[in-house]
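Trainee: First the structure, then my questions, so here it is.
There are 2 protein chains.
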Amino acid sequence: MVQFVHPATKDITLAGVLSALADPIRLQIVRGLLQESGCLSCTAASPCPTIAKSTLSNHFRVLREAGLIQTSKKGVEHQNTVRAADIEARFPGLLMAILACSLSDDASPVAPA
Amino acid sequence: MVQFVHPATKDITLAGVLSALADPIRLQIVRGLLQESGCLSCTAASPCPTIAKSTLSNHFRVLREAGLIQTSKKGVEHQNTVRAADIEARFPGLLMAILACSLSDDASPVAPA
DNA sequence: TCAATTGTTCGGAAATATGGAACTATTGAA
DNA sequence: TTCAATAGTTCCATATTTCCGAACAATTGA
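In the order they appear, the protein sequences are chains E and X. Letter 90 of the first sequence, counting from 1, is numbered 89 in numbering that gives the first Met the number 0, and no numbers are missing. Letter 46 of the second sequence, counting from 1, is numbered 45 in numbering that gives the first Met the number 0, and no numbers are missing.
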């Protein structure tokens, strides 16, 4: 049984959050998680079906270690949720500011509308 | 004479801004520029004297290409200013949100007080 | 003209990202 | 119980990026 490392709220760093969200795929994953009632498996949260499983797994690990998401095992799947309250407590306004900006960034969506 | 590439405001991307600011040294540079009346040479803006010149030059290039700073040549030195208005126009609230968070991030300052 | 200063460019070493293949863990069916 | 299917992880090789030192270019002042 693999158990996951989640940093405590106080151990979340700005550099970690920014570099995690600097990747368009990871930003898209976070956006997707927040939209879809906050809980998705890894493959369901993937913004692009052509990404290799190993790459996707790595993206989720980065998001986990940055403190952006929490992952728990539920059967075969993993349930991922955004640690919105923790991020807000650590860096008030940051996550929402970034997500709001992502709406006006044409380069951000992996699959543009 | 080396001339610099500065992206137009509309070409500034969220991923570029976030990945540029995800590096603590670059974030510190931007903070320093904003504090010191907004204009500094590259070495003067360096948060840490042990960083190699070539590395510093690279950091400034990244900031420039992300659209975060503008560089103009003034004699031997380069004058760097933060494109605060452009960033604000492109991504309202983003830069200030990140800078505000950097105050409460102990890991952010290169030379902690 | 020459030395000093500022920053860029180049080359190699170290770190990181990506994808394919093999592996583990869990579920459901026979 | 045994077997196949599914979801992620880990390992490995390749490719890209980062960092530094050294050499270089441009400007200034003596």
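Cβ atoms here follow ideal geometry from the backbone N, Cα and C, with glycine treated the same way.
1) Out of curiosity, what's the CA-to-CA distance linking X:K73 and X:T42?
2) Can you name the residues of chain X whose CB is closer than 8 Å to the CB of E:G31?
3) Identify the contact partners of X:L67 in chain E, using a Cβ-Cβ distance below 8 Å as the criterion.
4) Hey, quick one: how far does the beta strand (DSSP E) through X:K72 stretch, first residue to last?
5) Does the beta-carbon of E:D10 have 16 or more other beta-carbons within 10 angstroms, so that it is buried, or is it exposed?
6) Report the CB separation of E:E64 from E:P6 in whole angstroms; it is logged as a contact under 8 Å.
7) Could you work out which residues of chain E lie near X:C100, taking near to mean beta carbons separated by less than 7 Å?
8) Since X:L39 and X:N79 are thought to touch, with beta carbons under 8 Å apart, how far apart are those beta carbons, to the nearest angstrom?
9) Any idea what DSSP makes of E:E64, helix, strand or coil?
10) Taking just the CA atoms, how far does E:T12 sit from X:C100?
11) Between X:G31 and the rest of its own chain, which residues show a CB-CB distance below 8 Å, the 5 nearest in sequence each way excluded?
12) Check whether the Cβ of E:P23 lies closer than 9 Å to any Cβ atom in chain X.
13) Along chain E, which residues have their Cβ under 7 Å away from the Cβ of X:A7?
14) What are the residues that DSSP puts in a beta bridge with E:N79?
15) If you run the structure through DSSP and keep just helix, strand and coil, what is X:S103?
16) In the DSSP assignment, the alpha helix (DSSP H) including X:P23 goes from what residue to what residue?
17) Check the Cβ of E:A83 against every Cβ in chain X and list those closer than 7 Å, keeping chain order.
18) When you compare only the Cα positions, how much space is there between E:V81 and X:L62?
19) Does the distance from the C-beta atom of E:T8 to that of E:R89 stay below 9 Å?
20) Using a beta-carbon distance below 9 Å, is E:A112 in contact with chain X?
21) What's the call for E:T49, buried or exposed, on a 16-neighbour Cβ count within 10 Å?
Mentor: Let me spell this out:
1) 14 Å
2) The contacting residues do not exist; E:G31 stays about 16 Å from chain X at best.
3) In chain order: nothing, as chain E lies at least about 13 Å away.
4) I68 to K73
5) exposed
6) 7 Å
7) L13, F90 and L93
8) 6 Å
9) helix
10) 10 Å
11) L39, A44 and P46
12) yes
13) Within 7 Å Cβ-Cβ: nothing; X:A7 doesn't reach chain E, min ~13 Å.
14) E:L39 and E:T70
15) coil
16) P23 to Q34
17) Those do not exist, as E:A83 stays about 15 Å from chain X at its closest Cβ, beyond 7 Å.
18) 29 Å
19) yes
20) Low per-residue confidence applies at E:A112: pLDDT is 39, beneath 50, and the placement is therefore not dependable enough to give any value.
21) exposed
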